[in-house]
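Worksheet for the structure shown next.
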Amino acid sequence: MHLARRGARISLFTCLSITSVAAYADDTSTQNQSPKNWADEGWHVVVGGGAADIPKYPGSSSRRSVVVPVVSATYGRYFLGGVPGSGSPAGLGFYMHQDSHWRLGMSFAYDFVQPRKASDDARLRGLGDIKRTAHATAFASYTAGWLTVRGNVASDIAGNHQGTTASLDLEGKYRVTDKLTLQAGPGVTWANSQYNQTFFGVDATQSLHSGYAIYTPKSGIQSLRFSVGADYRISDRWSAGVRATAAQLQGDAADSPIVEKKMQNIYSVYTFYRF
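The numbers in this note's numbering rise by one with no breaks, and the one at position 239 of the sequence shown is 295.
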């Protein structure tokens with residue numbers, strides 16, 4: 057493994073892992089907000105960074121280490137940065153509703169790095185690059201005591217063939233001490249045929265240049281995952297944590313000729329400062 061010197065390609069799995077960090081930062085900075093006091097709330101800003109060990113691309117057996125920024129800023133019902141509960145590590149959005157249990161919102165984001173380049177791995181040669189695009193995401197979460205349910209639907213709104221995905225995650229939290237909190241839970245992601253074709257398919261032109269047979273994946277469950285993590289509050293403003301996610305490719309995505317390994321694990325460490 058090596059620490060990436062340039063902007064690394066970030067997969068959907070990595071985004072989900074990164075935004076779990078953003079969601080935690082956002083939860084701690086907005087947990088006292090309600091629809092009644094949104095207009096009176098000032099800025100809540102979280103900045104930090106970390107490192108993640110990830111697959112080179114979805115389905116790769118090779119890995120790379122990347123530096124990951126953690127940024128979240130909220131002002132009343134509006135936010136900038138990590139999108140809680142979505143697959144986007146950076147976005148601009150707003151909460152349509154928030155109370156002691158529910159949080160509903162929308163966000164808009166642009167890929168800050170290119171999703172995939174043919175030069176990333178020998179198995180991708182001849183497949184071409186996947187272009188950056190803009191995404192719109194609708195997300196919701198429900199918290200009851202120690203359990204949170206998060207869901208989102210994200211779509212490519214710039215016409216760059218990244219399709220639509222839908223994700224659902226359950227997260228249980230256990231506060232060991234006032235400073236240490238543990239989390240764990242399963243998740244599932246569904247992807248439509250356009251998304252799967254872009255990231256796992258092989259069209260006629262790609263087949264000619266790569267030597268792979270034409271492969272046209274359909275819509276369906278793309279991955280199942282289970283995540284565990286720990287967050288430690290160092291002080292009132294500083295926090296640190298670790299995350300590990302085991303994701304198993306499913307269905308047509310798992311059967312793609314570019315997939316070397318169906319199990320896609322992600323490990324990350326991070327720290328952030330709350331203003």
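Here a beta-carbon is modelled for each residue, glycine too, at the ideal position from N, C-alpha and C.
Taking C-beta atoms as the reference points, L236 and A296 fail to come closer than 8 Å.
In this structure, the alpha-carbon of K187 lies about 6 Å from that of Q170. According to DSSP, H153 shares a beta bridge with L160. P111 counts as buried, since at least 16 other C-beta atoms from the protein chains shown sit within 10 angstroms of its C-beta.
Taking a contact to require three or more Cβ pairs closer than 8 Å, the segment 157-170 and the segment 98-118 do not qualify as touching. D311 and W294 have their alpha carbons spaced roughly 43 Å apart. If only complete runs of 4 or more residues are kept, the segment 181-251 shows no alpha helix (DSSP H) anywhere.
Within 10 angstroms of the beta-carbon of G149 lie 16 or more other beta-carbons, which makes it buried. When DSSP states are grouped into helix, strand and coil, R120 belongs to the strand group. Non-local C-beta neighbours of Y323 in its own chain, meaning closer than 6 Å and more than five positions away in sequence, comprise D109 and A300, ordered along the chain.
Contact between the segment 237-250 and the segment 277-291 is present, with at least three C-beta pairs closer than 8 Å. In the structure shown, R179 falls within a helical segment according to DSSP collapsed to helix, strand and coil. Excluding sequence positions up to five before and after G243, its CB lies within less than 6 Å of the CB of D225 and R281, all in the same chain and listed in chain order. In the DSSP assignment, L264 is bridged to no other residue. Proximity to S175 across V232, Y151, S266 and D212 peaks at S266, based on C-alpha coordinates. Inter-residue distance for L180 and G257 is about 11 Å (C-alpha atoms, whole angstroms). A contact is defined here as three or more CB-CB pairs under 8 Å, and the segment 245-257 fails this definition with respect to the segment 227-234. Following the DSSP letters along the chain, one finds D308 inside the alpha helix (DSSP H) bounded by residues G307 to A310. Leaving aside the five residues that flank N321 on each side, the residues in its chain whose CB is nearer than 6 Å to its CB run, in chain order, A302. Looking from the CA of Y326, the closest CA among G215, P125, G98 and S116 belongs to P125.
Of the residues assessed, I314 falls on the buried side of the cut-off, its CB having 16 or more other CB atoms within 10 angstroms. About 12 Å separates the beta carbons of D185 and Y113, which is beyond the 8 Å limit, so they are not a contact pair. By DSSP's assignment, V284 forms a beta bridge with A240 and A300. Counting along the chain, S275 sits inside no beta strand (DSSP E), nor does DSSP assign it H or E at all. Per the coordinates, the alpha-carbon of L305 lies some 16 Å from the alpha-carbon of S118.
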